[in-house]
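Asker:
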Amino acid sequence: MARVRTTFFCSLGAVAVLAALSGCNGSDIDDPTKSESVLIIDSVTPSSVQADVSGNTDPNTLFVSPPEDDSIEIEVRNMNRTSGPTGLFGDILLSSFDLTCTYGTLQLSGSTTGVPASLTIPAESSASLNVVVASGAYKLAFPALVGLTDTCEIVFSGEDLGGEPILSKTAVFGISYVDTP
């Protein structure tokens, strides 16, 4: 009988340990404050985009080519929040970004949330991202934008190697639509 009791209590103890271990990561898995890293925006170049909406006409063929794409370069830094220089899961995997403008000028092109992006930034490292904010075809399709100015923000989404969502700072830039012959 003592042997059955010992086996029972040992089994009960093992079940309790497994139950405790299985609940270790369940309550805060989607809490960005638990990620090992924060994505810092160091700079946005240019901070004010002059988007020319006029295309070029080839004098020989009379073919109209769309204006050039306008893009911004964003310098980002993976700042590790743990006490060590790299942390166990400090690398960041960027998966998408949201682009929103005060007056919605860039949203005319369609959805600007959850735009796919793919970049890995090692812990305590910097990277440069080139983001097209106004494609030539978009500007050619909306010539009525000439004269408008908008303030836009980009926020990145991703996770650290532990699967925790990262906390991203916001990149802000301005865009003005002009018609330069």
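Start counting the sequence shown at 2; every next residue gets the next number (this note's numbering).
Yeah, the Cβ is synthetic: ideal placement off N, Cα and C, and Gly gets one too.
Note that the coordinates shown come from a computational prediction; the quantities given were computed from them, not determined experimentally.
#1: Tell me the start and end of each unbroken alpha helix (DSSP H) in the segment 77-159 that is at least 4 residues and wholly inside, in chain order.
#2: Beta-carbon within less than 8 Å of threonine 121's beta-carbon, same chain only, minus the 5 sequence neighbours each way: which residues are those?
#3: Closest to tyrosine 178 by CA distance: which of Glu160, Pro144, Val77, Ser36 is it?
#4: Tell whether a beta-carbon distance below 8 Å holds between serine 55 and aspartate 180.
#5: With three or more C-beta pairs closer than 8 Å as the rule, is the segment 97-105 touching the segment 151-165?
#6: Who are the near neighbours of proline 68 in its chain, counting only those whose CB is closer than 7 Å to its CB and skipping five residues on each side?
#7: Which partner residues of phenylalanine 174 appear in the DSSP bridge assignment?
#8: Closest to serine 158 by CA distance: which of Ser119, Ser127, Ile73 is it?
#9: Which one of Phe98, Gly163, Pro123 has the shortest CA to CA distance from valine 133?
#10: Return helix, strand or coil for asparagine 61, following the three-state DSSP convention.
#11: Any idea what DSSP makes of serine 74, helix, strand or coil?
#12: Can you tell me which residues form a DSSP beta bridge with leucine 162?
Answerer: On the basis of the coordinates in this document:
#1: 137-142
#2: Asp92, Ile93, Leu94, Leu95
#3: Pro144
#4: It is a contact, given that the beta carbons lie within the stated cut-off.
#5: yes
#6: Asp53, Val54, Ser55, Gly56, Gly137, Lys140, Leu141
#7: DSSP output for phenylalanine 174 lists Cys153 as bridge partner(s).
#8: Selected option, being the one with the closest Cα: Ser119.
#9: Phe98
#10: coil
#11: Contrary to the premise, residue 74 reads as glutamate rather than serine in this sequence. Glutamate 74 falls in the strand class under three-state DSSP.
#12: Answer is none; leucine 162 lacks a bridge partner.
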